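K.L.:
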Amino acid sequence: MDRKTELMEFVKEELLHGRKSDLRDDEDLLSAGIIDSLGILQLVGFVEKRYGVQVPDEDVVYENFHSIRALADYLGRN
Amino acid sequence: MVKRLLSLNGLAVLGAVINHASGWGFTAMFWWTDRYQAGPVPDFSGLGTASYYALRAAEQLIMFSIPAFLFVSGFFVAFATGRRRESLGWKPVGVRIRDLAIPYIFWSLALLAGKGALGSFDRPLGYLQSLAFGRAAAPYYYVPLLAQYFLFSPLIVPLVRKHWKPVLLSAGLLQLTVHVARYPVLLGRDVAVAQWVVIHSPGWFFPQTCFWFVFGAFAGFHLSVLKGWLVRWAALLPALTLVSAVLAFLEWELLFGLSGREWLPPAVTALDSIYAGAMILTFIAFDDLRPPFTKQLGELGARSFGVYLMHAPVLEVASRAAYHGAPWILGHQFLFQPLLTLAGVGVPLAAMIAIDRSPVRRCYKYIFG
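For the protein sequence lines, the chains are A and B, in the order given.
Last residue of the first sequence? That's 78 in our numbering, and every number before it is there in order.
Last residue of the second sequence? That's 447 in our numbering, and every number before it is there in order.
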């Protein structure tokens, strides 16, 4: 499974609880109400554990986490 | 620091459950005394006992819970705005309020229906007021309160971003005004201005907690400034937390004594706010330490809104079940409190897991947020 698919699965299963099956990778997770403050923090925890990366506090910003694609791009750069 | 916010939220919701469990503890200690010993009620002979002070200590230590929730929410607003946008758009604000409102209305209606089933009815306007001001259960004032902050956030965000010093100062002064006005009211003094301020600052209304949300937004926008403060003051923060907790505890006992009343319902004082701030900063300052149960607190933090909403009816049912079914337990706080806390956290978590594994898991967000 590639990163985007894994991230998509995590969001669908853990944050959406199966509510939305047609999630797009460029969909704004905040505007769509898919993640809230706690969802972001869960997402940070997931990527750190799954990919063995350390996400510095300064990188926990909207620009890196607003969509699956943005997050996958961020992980690709780090 | 940022990753600590999830476990801070977990600790805060655990604190909220302990706080409301201690509220039922005081009810059992003073108003339900006739269920486990002979005599009229209310019976305040339990004041000054070890059980009383244990409940008071628990109530004091968890004073950071609501400030911590608001701090995390303020941080979220900064996150949702991002680095490039001037302010937060109305769309994420509307979505956030909707996502808070649906589970809140669900649990409020469930509680109001429960009261109706027991024969307690209200006027239609009364039900609307219950929903608008979070009166279906004592802890529910928090949801209308949080919704107000989200509504204000498109206005707050540009100010916090560009002029954080005057905004933090103004929010701090507004909050302090409400706390200071409360002192003469608690002491039963006839100070008209203080009474006006307190009457017009109920729990669901923003002035008495506004600093925490603004402080969270400041943390999100000016993380490097906050981190600089934390590095500079880290050594003092644990001591400040401890000292302010002890002083706030003693302050309340003093206020209670000076008030001359039989009982003084809990209220947040200025010293409580100093303790809450010190506690939050201590928790996030030492993010390289992993205290016991960090993982579990993080998991609880991720489910905090659902636990917060559901713990209120669970504690009420558990307390009333003890009153009717096992009244002897009401006289043993060392047993009653752990059982209530366990039920207040465990039942909501079990319900969440059950719903998440059931065919109706698509409704999870609407029930637990």
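Cβ atoms here follow ideal geometry from the backbone N, Cα and C, with glycine treated the same way.
Given the structure is predicted, the values throughout are model-derived calculations rather than measurements.
I'd like the ranges of any alpha helix (DSSP H) spanning at least 4 consecutive residues and lying wholly in the segment 167 to 202 of chain B.
P.N.:
The segment 167 to 202 of chain B contains these whole alpha helix (DSSP H) runs: 168 to 195.
K.L.:
Which residues, in order along the segment 53 to 67 of chain A, keep a beta-carbon less than 7 Å from a beta-carbon of chain B?
P.N.:
Per Cβ criterion, the list reads Asp57, Glu58, Val60, Val61, Tyr62 and Glu63.
K.L.:
Mind reading off the beta-carbon distance from leucine 166 of chain B to valine 150 of chain B? Whole number of angstroms is fine, and I expect it under 8 Å.
P.N.:
Wrong, their Cβ atoms sit about 16 Å apart, outside the cutoff.
K.L.:
Less than 8 Å between C-beta atoms, sequence neighbours within five positions excluded: which residues of the same chain meet that for arginine 339 of chain B?
P.N.:
The answer, listed in chain order, is Gly266.
K.L.:
Pick from A:His17, A:Gly18 and A:Glu27: whose alpha carbon is nearest that of alanine 72 of chain A?
P.N.:
With distances taken between Cα atoms, alanine 72 of chain A lies closest to A:Glu27.
K.L.:
Which residue's Cα is closest to the Cα of glycine 403 of chain B: B:Ala348, B:Arg113, B:Phe327 and B:Gln411?
P.N.:
Per the Cα distances, B:Arg113.
K.L.:
Would you mind stating whether leucine 247 of chain B and leucine 308 of chain B have Cβ atoms separated by less than 8 Å?
P.N.:
No.
K.L.:
Sorted by chain position, which residues of the same chain lie with C-beta nearer than 6 Å to serine 279 of chain B's C-beta, five sequence neighbours on each side aside?
P.N.:
Result list for serine 279 of chain B: Val256, Pro285 and Gln286, in chain order.
K.L.:
Using 8 Å as the threshold, is the C-beta distance between methionine 1 of chain A and leucine 23 of chain A below it?
P.N.:
No, they are not a contact pair.
K.L.:
So, is tyrosine 62 of chain A buried or exposed, given that buried needs 16 or more other C-beta atoms within 10 angstroms?
P.N.:
Tyrosine 62 of chain A should be labelled buried.
K.L.:
Helix, strand or coil, according to DSSP, for asparagine 87 of chain B in the structure here?
P.N.:
Note: asparagine 87 of chain B maps to helix in three-state DSSP.
K.L.:
Out of curiosity, what's the CA-to-CA distance linking leucine 476 of chain B and proline 56 of chain A?
P.N.:
As shown, chain B starts at 79 and ends at 447. That puts residue 476 of chain B outside it, with no answer to give.
K.L.:
Under 8 Å: do the segment 424 to 435 of chain B and the segment 220 to 228 of chain B share three or more Cβ pairs, one atom per stretch?
P.N.:
No, the segment 424 to 435 of chain B is not in contact with the segment 220 to 228 of chain B.
K.L.:
Going by the CB atoms, is the gap between valine 173 of chain B and glycine 33 of chain A shorter than 8 Å?
P.N.:
In contact: glycine 33 of chain A and valine 173 of chain B (Cβ atoms closer than 8 Å).
K.L.:
Can you round the beta-carbon distance between proline 145 of chain B and alanine 354 of chain B to whole angstroms, since I take them to be within the 8 Å contact cut?
P.N.:
Confirmed, about 4 Å.
K.L.:
With distances taken between CB atoms, is the gap from leucine 315 of chain B to alanine 356 of chain B smaller than 8 Å?
P.N.:
Against a cut-off of 8 Å, the Cβ pair of alanine 356 of chain B and leucine 315 of chain B comes out as a contact.
K.L.:
Compute the beta-carbon to beta-carbon distance between glutamine 138 of chain B and phenylalanine 414 of chain B, rounded to the nearest angstrom, for a pair I have assumed lies under 8 Å.
P.N.:
About 19 Å separates the two Cβ atoms, so there is no contact after all.
K.L.:
Leucine 378 of chain B: which of B:Val423, B:Ser351, B:Met388 and B:Pro343 sits nearest, CA to CA?
P.N.:
Comparing Cα positions, the closest option is B:Val423.
K.L.:
Using three-state DSSP, classify threonine 105 of chain B as helix, strand or coil.
P.N.:
The answer is helix: DSSP assigns threonine 105 of chain B an H, G or I state.
K.L.:
By how many angstroms is the C-alpha of lysine 443 of chain B removed from the C-alpha of valine 467 of chain B?
P.N.:
The question about residue 467 of chain B has no answer here: the residues shown for chain B are numbered 79 through 447.
K.L.:
By the 7 Å beta-carbon criterion, what residues does the segment 228 to 245 of chain B contribute toward chain A?
P.N.:
Of all residues in the segment 228 to 245 of chain B, none has a Cβ within less than 7 Å of some Cβ in chain A.
K.L.:
Please state if the CB of valine 385 of chain B and the CB of valine 91 of chain B are separated by a distance shorter than 8 Å.
P.N.:
A contact, by the Cβ cut-off of 8 Å.
K.L.:
What residue from B:Leu336, B:Trp242 and B:Trp330 has the CA that sits closest to phenylalanine 293 of chain B's CA?
P.N.:
Answer by Cα proximity: B:Trp242.
K.L.:
Among A:Glu58, A:Ile35, A:Asp25 and A:Glu6, which one has its Cα closest to the Cα of arginine 381 of chain B?
P.N.:
For arginine 381 of chain B, the nearest C-alpha among the options comes from A:Ile35.
K.L.:
Which residue comes first and which comes last in the alpha helix (DSSP H) that contains alanine 158 of chain B?
P.N.:
143 to 159 is the span of the alpha helix (DSSP H), which, as asked, contains alanine 158 of chain B.
K.L.:
Start and end of the alpha helix (DSSP H) containing methionine 1 of chain A?
P.N.:
Taken as a continuous stretch (DSSP letters only), methionine 1 of chain A belongs to no alpha helix (DSSP H), as it is neither H nor E.
K.L.:
Would you call the CB atoms of threonine 319 of chain B and valine 95 of chain B closer than 8 Å?
P.N.:
In this structure, valine 95 of chain B does not lie closer than 8 Å to threonine 319 of chain B by Cβ.
K.L.:
Taking only runs that begin and end inside the segment 280 to 347 of chain B, name each unbroken alpha helix (DSSP H) of 4 or more residues, in chain order.
P.N.:
Fully enclosed alpha helix (DSSP H) runs of 4 or longer: 288 to 299, 301 to 311 and 315 to 337.
K.L.:
Mapping the DSSP letters down to three states, classify leucine 30 of chain A as helix, strand or coil.
P.N.:
Three-state result, leucine 30 of chain A: coil.
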